[in-house]
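Written below as structure tokens is the structure these notes are about.
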Amino acid sequence: MEIKLASTNDFVSKKMISVEKEGKSILIANVNGSYYAIGDICTHMGCNLSDGELIGDTVKCPCHASVFNVKTGEVVKGPARDPEPSYTLKIEGDKIITDI
1 MEIKLASTND FVSKKMISVE KEGKSILIAN VNGSYYAIGD ICTHMGCNLS DGELIGDTVK
61 CPCHASVFNV KTGEVVKGPA RDPEPSYTLK IEGDKIITDI
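Its first residue numbered 1, the sequence shown is counted upward by one per residue in our numbering.
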């Protein structure tokens with residue numbers, strides 16, 4: 001089932017946002033005009049990645065500095081060991097859509 005997560009207009013002054021859909025916290029990042037989505041809850045201790053720092057195509061957790069690739073959800077640097085779920089996005093007009 002396709003659902004709208006956000007709008008590209010949500011990124012006028014931000015590079016990443018968090019949305020809650022279907023019981024999931026999802027981080028959406030704008031990396032040089034391309035949009036990517038991974039889980040927003042750090043797999044290490046449960047902090048919100050969207051409160052962290054977007055550095056290139058990675059996000060750094062604000063709590064213990066784990067780093068995740070926003071394109072794949074893979075752990076780039078621990079202490080986190082488990083990857084984030086990753087979501088395929090589709091852009092239709094200004095709508096950011098995924099299949100959950």
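Every residue gets a Cβ at the ideal spot worked out from N, C-alpha and C, and that includes glycine.
Within this structure, are the beta carbons of residue i and residue j separated by less than 8 Å?
{"i": "Y35", "j": "I91", "result": "yes"}
{"i": "K21", "j": "L54", "result": "no"}
{"i": "V31", "j": "V70", "result": "yes"}
{"i": "G78", "j": "P62", "result": "no"}
In angstroms with no decimal places, state the Cα-to-Cα distance between residue i and residue j.
{"i": "K101", "j": "V67", "result": "Any property of residue 101 remains undetermined from this structure, which presents the chain solely from 1 to 100."}
{"i": "G93", "j": "I38", "result": "21 Å"}
{"i": "I41", "j": "K95", "result": "23 Å"}
{"i": "E84", "j": "N48", "result": "12 Å"}
{"i": "G46", "j": "D82", "result": "12 Å"}
{"i": "D57", "j": "M1", "result": "27 Å"}
{"i": "L27", "j": "T8", "result": "14 Å"}
Quick check on residue i: does DSSP put it in helix, strand or coil?
{"i": "S50", "result": "helix"}
{"i": "N32", "result": "coil"}
{"i": "T8", "result": "helix"}
{"i": "T72", "result": "coil"}
{"i": "I96", "result": "strand"}
{"i": "G78", "result": "coil"}
Find the nearest neighbour of residue i within the set the options, judged by alpha-carbon distance.
{"i": "K87", "options": "T58, P79, G73", "result": "Looking at the sequence shown, residue 87 is not Lys but Tyr. Out of T58, P79, G73, G73 has the C-alpha closest to the C-alpha of Y87."}
{"i": "D10", "options": "S25, L89, A29", "result": "A29"}
{"i": "S13", "options": "M1, G33, H44", "result": "G33"}
{"i": "A80", "options": "H44, L89, K24, K60", "result": "H44"}
Just to check my reading of the structure: residue i and residue j have Cβ atoms closer than 8 Å, yes? What is that Cβ distance to the nearest angstrom?
{"i": "I97", "j": "S50", "result": "With a Cβ gap of about 19 Å, I97 and S50 do not count as contacting."}
Is the CB of residue i under 8 Å away from at least one CB in chain D?
{"i": "A6", "result": "Here chain D cannot be found, since the structure has a single protein chain."}
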